[in-house]
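Q: Pasting in a structure now, in structure tokens, and then I'll have a few things to ask.
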Amino acid sequence: MNSKHQISPLFLTIFFLLVLGCTASPRKNIRSRRPCKEMVFYFHDIIYNGKNFKNATAAIVGSPAWGNKTILANNNHFGNVVVFDDPITMDNNLHSPPVGRAQGFYIYDKKEIFTAWLGFSFVFNSTAHKGSINFAGADPLMNKTRDISVIGGTGDFFMTRGVATIMTDSFEGEVYFRLRVDIKFYECW
Amino acid sequence: MNSKHQISPLFLTIFFLLVLGCTASPRKNIRSRRPCKEMVFYFHDIIYNGKNFKNATAAIVGSPAWGNKTILANNNHFGNVVVFDDPITMDNNLHSPPVGRAQGFYIYDKKEIFTAWLGFSFVFNSTAHKGSINFAGADPLMNKTRDISVIGGTGDFFMTRGVATIMTDSFEGEVYFRLRVDIKFYECW
Amino acid sequence: MNSKHQISPLFLTIFFLLVLGCTASPRKNIRSRRPCKEMVFYFHDIIYNGKNFKNATAAIVGSPAWGNKTILANNNHFGNVVVFDDPITMDNNLHSPPVGRAQGFYIYDKKEIFTAWLGFSFVFNSTAHKGSINFAGADPLMNKTRDISVIGGTGDFFMTRGVATIMTDSFEGEVYFRLRVDIKFYECW
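Protein chains in written order, with this note's numbering: chain A, 121 to 309; chain B, 121 to 309; chain C, 121 to 309.
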């Protein structure tokens, strides 16, 4: 008779938690704006200028009609394509032991101001990290911070997605620059 | 004694709904083929031809052995790499107020017919939209419509994924073309 | 009185299964490391060398200061940008009927060893497959196998994501190479 009343508080609580869990968890787990993993790295780009082959980590490989391959072109380097293989470090020191390589390309894509488009990977092969993180996106490099996309990953970064915030940490003329990259993964597998 | 019979209809119904909800909701929410957001834009590409520097929004920066940097190459432009910073408009009028910039590159990649590969971003910085949408994919441009991937986004388009359908809305010789882009997001965060 | 004890085993079992189902299913369905689809293809790259225009499926379109457009550059081809439109086959025979085209580009991006960065699509338009698969990632091509990302797809491959494992199946000098691609999709829609 009162058997219903005896069980209902317990069961209703469990039901409530279950319903809450079921409906909330997919969106919360899968679509959270709280990163599932965060990492910070620096990488260092030394552009070949005709004289620094030994130290250069990047080279101009495409240029507009008004450009060449040893000096970044006029008009905010519009039309320059640069290929790079840059050391990644944990801190902002070019001479720190590299923990991986940033490999890919950037293109300067605007006449009026400096801005670029990036397609590259972080490639790791150490005891700390094995695998790669793939990036793509616009880099309006006059802005203090710029967000690009983590479009995939392999190995330790299997199937990751996220957003990477890039900051120009330092530069020297048109030959060296250092970027700080704050990677926030929102999809971890 | 008959306490079990009293509660079962109610609980069975709740169970049924719970089971249904639990198993169906993740796939329905996360893997729906109904877009969570749709947008339509146009962008306008004016290729530098040696005489139109002021108006040009794009420049040839790579060419095959048989090409140069002021005329798209023979053989369906196979091997040309073009960098662009094109105005985005809400309608098909080049002179409408731009709402953002399409920035990136395309490469003509086939000898026998016109076809291209695209890597670019829509970059917005207005009251209407802030952030970027990143695209990549094949553009077999002789087809009326072509689908490419939205591979990520930032800002208002944080972590989006989807499919963008491209149509050549107009072109004039080999200097100007206008693309209509119907963006359908299937992952919104 | 003992009505609670009568119902609890049944309900507890159901609860247990429900809780298990609810908490496990989203991750299992959405974040499984078991592929939802697998495919294996081969593609064939014949680089233009100044003499093989008819057969060539790829062309050098960017080169560093020390390179040109008909021979891959010294220093492990660092700085060469190659555009390609390669036939895809089901087996390792260049002369098998192509089932699609691999279209995009690769860049050699390191001075010291051979390594590349890839951005390309598999484009299918047959009764077997219609649509495209988009790839990006680092290709350290001295490794036996290399993993890149499937960053999106269209048509039959709508919204897919995954990992593609690339193997150099064969090569002849610096003009021909054949890649085997094992595609594992982990997101299917």
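Here a beta-carbon is modelled for each residue, glycine too, at the ideal position from N, C-alpha and C. Since this is a predicted model, take the numbers as computed values, not measurements.
Hey, is the stretch 299-308 of chain A in contact with the stretch 159-167 of chain A, meaning 3+ C-beta pairs nearer than 8 Å?
A: yes
Q: Of all the residues that make up the stretch 152-183 of chain A, which are near chain B by a beta-carbon distance shorter than 9 Å?
A: S152, R153, V181, G182 and S183
Q: Count the other CB atoms, across all protein chains shown, that sit within 10 Å of the CB of E307 (chain A); report buried if there are 16 or more and exposed otherwise.
A: buried
Q: Just how far apart, CA to CA, sit V203 (chain C) and K189 (chain C)?
A: 12 Å
Q: Using only the alpha-carbon positions, how far apart do N254 (chain A) and F277 (chain A) sit?
A: 9 Å
Q: According to DSSP, simplified to helix, strand and coil, what is R281 (chain A)?
A: strand
Q: Which whole runs of the beta strand (DSSP E) in the stretch 153-221 of chain A are 3 residues long or more, in chain order?
A: Within the stretch 153-221 of chain A, the complete beta strand (DSSP E) segments at least 3 residues long are 157-166, 178-182 and 201-209, listed from N- to C-terminus.
Q: Based on Cα-Cα distance, which residue from C:A258, C:N245 and C:T247 lies nearest to N245 (chain A)?
A: C:A258
Q: Could you tell me whether any Cβ in chain C is nearer than 7 Å to the Cβ of D259 (chain B)?
A: no
Q: Helix, strand or coil for D267 (chain B) per DSSP?
A: DSSP places D267 (chain B) in the strand class (E or B) of the three-state scheme.
Q: In this structure, how does DSSP classify G239 (chain A) when only helix, strand and coil are distinguished?
A: Per DSSP, reduced to three states, the secondary structure at G239 (chain A) is strand.
Q: On the CB-based measure, 16 or more other CB atoms within 10 Å of its CB, does N200 (chain B) come out buried or exposed?
A: buried
Q: Looking only at its own chain, which residues have a Cβ that is under 8 Å from the Cβ of G224 (chain B), when we skip the five neighbours before and after it?
A: So the list reads V203, F204, L238, G239, F240, S241 and F255, once near-sequence residues are dropped.
Q: Does the distance from the CB of G282 (chain A) to the CB of V270 (chain A) come in under 7 Å?
A: yes
Q: F225 (chain B) by DSSP, collapsed to three states: which one?
A: strand
Q: Is Y306 (chain C) close to chain A? Criterion is C-beta to C-beta, closer than 7 Å.
A: yes
Q: Apart from the five residues just before and just after Y168 (chain C), which ones in its own chain have a Cβ nearer than 6 Å to its Cβ?
A: Result list for Y168 (chain C): A176 and A179, in chain order.
Q: In the DSSP assignment, find the unbroken beta strand (DSSP E) run with I233 (chain A) in it and report its ends.
A: First-last for I233 (chain A): undefined, no H or E at that position.
Q: Rounded to the nearest angstrom, what separates T209 (chain B) and F297 (chain B) at their Cα positions?
A: 13 Å
Q: With H, G and I counted as helix, E and B as strand and the rest as coil, what does DSSP make of R147 (chain B)?
A: Unreliable positioning characterises R147 (chain B) in this predicted model, as indicated by a pLDDT of 38, which lies under 50. A coordinate reading is not provided.
Q: When the distance is taken between beta carbons, is I286 (chain B) closer than 7 Å to M262 (chain B)?
A: no
Q: Do you know offhand how far T143 (chain A)'s Cα is from R151 (chain C)'s?
A: Only weak support exists for where T143 (chain A) lies, its pLDDT of 48 falling under 50; the value from the coordinates is given anyway. Going by the C-alpha atoms only, they are around 17 Å apart.
Q: From L214 (chain C) to K230 (chain A), what does the alpha carbon distance come to, in whole angstroms?
A: 41 Å
Q: Whole-angstrom Cβ separation of P184 (chain C) and V181 (chain A), contact assumed at under 8 Å?
A: Right, the Cβ-Cβ distance comes to about 5 Å (below 8 Å), so this counts as a contact.
Q: So, does the CB of F225 (chain C) fall closer than 7 Å to a CB anywhere in chain B?
A: yes
Q: Is W186 (chain C) near the ligand ADP, with its Cβ less than 6 Å from a heavy atom?
A: Among the ligands in the structure shown, none appear at all, so the ligand ADP cannot be discussed.
Q: Output yes if chain C places a C-beta closer than 7 Å to the C-beta of G199 (chain A); else output no.
A: no
Q: CA-CA distance, R154 (chain A) and I268 (chain C)?
A: 26 Å
Q: Tell me whether I299 (chain B) sits in a helix, a strand or coil according to DSSP, three-state version.
A: Here the sequence assigns Leu to residue 299 (chain B), which means Ile is not the residue at that position. The answer is strand: DSSP assigns L299 (chain B) an E or B state.
Q: Helix, strand or coil for T288 (chain C)? Go by DSSP, reduced to three states.
A: strand
Q: Determine whether the Cβ of S252 (chain B) lies closer than 7 Å to any Cβ atom of chain A.
A: Yes, its Cβ sits closer than 7 Å to a Cβ of chain A.
Q: Look up T274 (chain C) in the DSSP assignment and say whether it is helix, strand or coil.
A: strand
Q: In the stretch 231-244 of chain B, which residues sit with their C-beta less than 8 Å from some C-beta in chain A, listed in chain order?
A: The residues in question are G239, F240, S241 and V243.
Q: Would you list the one or two residues that DSSP bridges to E307 (chain C)?
A: C:R281
Q: Less than 7 Å between CB atoms is the rule here; does T274 (chain B) satisfy it with respect to chain A?
A: Interface residue (Cβ-Cβ distance to chain A less than 7 Å): T274 (chain B) is classified as such.
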